[in-house]
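Undergrad:
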Amino acid sequence: MTMPTEFIEPSANGPTAEAYGELYVAFEHFNRTMFDAQLPPCLITLQRRKGTYGYFSKGRFVRRGTGDMVDEIALNPAYFASQTIKNTLSTLVHEQVHQWQRHFGSFSRRGYHNKEWADKMESIGLIPSHTGKPGGRKTGQQMDHYIEAGGAFDLACDSLLTREFTLSWLDRFPAERLPVDPTPVATTIPPATSDALTTTPGITSTAYLGLGRAESVLALPSGDPVNRSNRVKYRCATCLTQVWGKPNLKLRCGIPMCRNAPFEECGAITQCP
């Protein structure tokens with residue numbers, strides 16, 4: 002293949018620029034209206050990670066030659082056509098809350114959704130709930146949310162959509178089924194052992210690998226039938242103690258610090274480490 006001898010300017014009007022540009026317009030809009038423009042720039046990606054609506058990963062990308070890092074917010078385009086634009090954008094803002102907490106708050110171990118996270122979500126009109134419906138727990142290892150009618154996010158999203166904003170590009174072969182209750186799952190990958198690469202220019206490509214950490218994965222429950230002949234793993238939502246047992250047990254942790262916290266079943270997508 003013959004390589005071009007002249008630099009090719011990227012098109013500002015192509016579908017790639019349009020699709021990613023719209024998502025970044027939304028990111029900046031919610032950054033200003035929901036977060037007082039506090040959030041640092043991020044790199045938005047489209048990822049068809051099976052069983053997920055999206056995820057946040059702090060410092061996932063690093064600029065070649067300088068070592069400057071940016072966060073990643075990923076969205077799954079397979080579900081753009083299966084839900085409203087407002088619901089898709091609520092996933093974006095859900096991950097922006099994780100970004101806010103990682104930079105300005107006090108996050109908990111292994112991505113546990115703590116009270117600070119829940120309070121921030123609620124303050125912007127995304128009500129945390131482990132069921133995705135009113136009345137659910139607002140903190141825990143696995144959390145969903147629902148949009149508060151007339152809340153800050155609802156109004157901010159309406160103001161964005163009235164300015165002829167849309168998500169122009171949809172997957173022609175979208176996910177066949179949209180679960181009723183998507184389950185957000187937070188997983189954490191151990192951080193890099195050294196921070197030196199963040200400020201050292203000229204590092205090699207191989208040295209960039211493994212610097213990011215996955216903070217939040219907004220995942221969907223498995224649609225597969227339950228295999229009742231197998232044991233399943235359960236995990237305490239507070240101390241992460243794990244036990245095995247038959248399916249559909251209702252267990253609580255007896256460790257004093259956990260205050261009878263429930264054990265949660267680790268399913269096909271919500272995997273215990």
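Here the sequence shown stands for residues 2 to 274, where the numbers follow this note's numbering.
Glycine included, every Cβ here is placed at the ideal spot set by N, Cα and C.
In this text the structure is predicted, and so the values were computed from the model without any measurement.
Apart from the five residues on each side of it in sequence, which residues of its chain come closer than 7 Å, Cβ to Cβ, to residue 207?
TA: Unreliable positioning characterises residue 207 in this predicted model, as indicated by a pLDDT of 38, which lies under 50. The coordinate reading is nonetheless provided below. None.
Undergrad: Considering only residues of the same chain and omitting the five flanking positions on each side of residue 266, which have a CB-CB separation below 7 Å?
TA: Same-chain partners within the cutoff: 233, 235.
Undergrad: Taking a contact to mean a Cβ-Cβ separation below 8 Å, would you say residue 75 touches residue 56 in this structure?
TA: yes
Undergrad: Using a Cβ-Cβ cut-off of 8 Å, state whether residue 53 counts as contacting chain C.
TA: Of the chains in the structure shown, none is chain C; there is only one protein chain.
Undergrad: I'd like the list of long-range same chain contacts for residue 247, defined as Cβ closer than 7 Å, with 5 residues on each side in sequence excluded.
TA: So the qualifying residues of the chain are 232.
Undergrad: Please confirm whether residue 98 and residue 122 have their CB atoms less than 8 Å apart.
TA: yes
Undergrad: Distance, Cα to Cα, residue 23 vs residue 45?
TA: 11 Å
Undergrad: So which of 38, 163, 108, 119 has the shortest CA-CA distance to residue 137?
TA: 119
Undergrad: Helix, strand or coil: which one does DSSP assign to residue 158?
TA: helix
Undergrad: Between which two residues does the alpha helix (DSSP H) containing residue 96 stretch?
TA: 86–105
Undergrad: Below 6 Å CB to CB, which residues in the same chain sit around residue 161 once its five sequence neighbours on both sides are set aside?
TA: 30
Undergrad: Just how far apart, CA to CA, sit residue 91 and residue 83?
TA: Distance from the CA of residue 91 to the CA of residue 83, rounded to the nearest whole angstrom, comes to 14 Å.
Undergrad: I'd like to know whether the C-beta atoms of residue 58 and residue 72 end up nearer to each other than 8 Å.
TA: yes
Undergrad: State the DSSP-derived secondary structure class of residue 264, mapped to helix, strand or coil.
TA: In this structure, DSSP gives residue 264 an extended state, which the three-state scheme calls strand.
Undergrad: Which residue marks the beginning of the alpha helix (DSSP H) containing residue 163, and which one marks its end?
TA: Segment: none, residue 163 is in no alpha helix (DSSP H) and carries neither H nor E.
Undergrad: Taking Cβ to Cβ, would you say residue 132 is nearer than 8 Å to residue 114?
TA: Between residue 132 and residue 114, the C-beta gap is not smaller than 8 Å, which leaves the two residues out of contact.
Undergrad: Relative to the alpha-carbon of residue 63, which residue among 43, 176, 15, 259 has its alpha-carbon at the smallest distance?
TA: 43
Undergrad: Under the rule that 16 or more other beta-carbon atoms within 10 Å means buried, what is residue 256, buried or exposed?
TA: Exposed: under 16 other Cβ atoms inside 10 Å.
Undergrad: Identify whether residue 149 lies in helix, strand or coil by the three-state DSSP scheme.
TA: coil
Undergrad: Which stretch, first to last residue, makes up the beta strand (DSSP E) that contains residue 69?
TA: Where residue 69 is concerned, there is no enclosing beta strand (DSSP E), given that its DSSP letter is neither H nor E.
Undergrad: When the Cα of residue 48 is compared with those of 151, 81, 259, which residue comes out closest?
TA: 81
Undergrad: If residue 79 and residue 16 are in contact, beta carbons under 8 Å, what's the gap, nearest whole angstrom?
TA: Wrong, their Cβ atoms sit about 17 Å apart, outside the cutoff.
Undergrad: Under three-state DSSP, which class holds residue 121?
TA: helix
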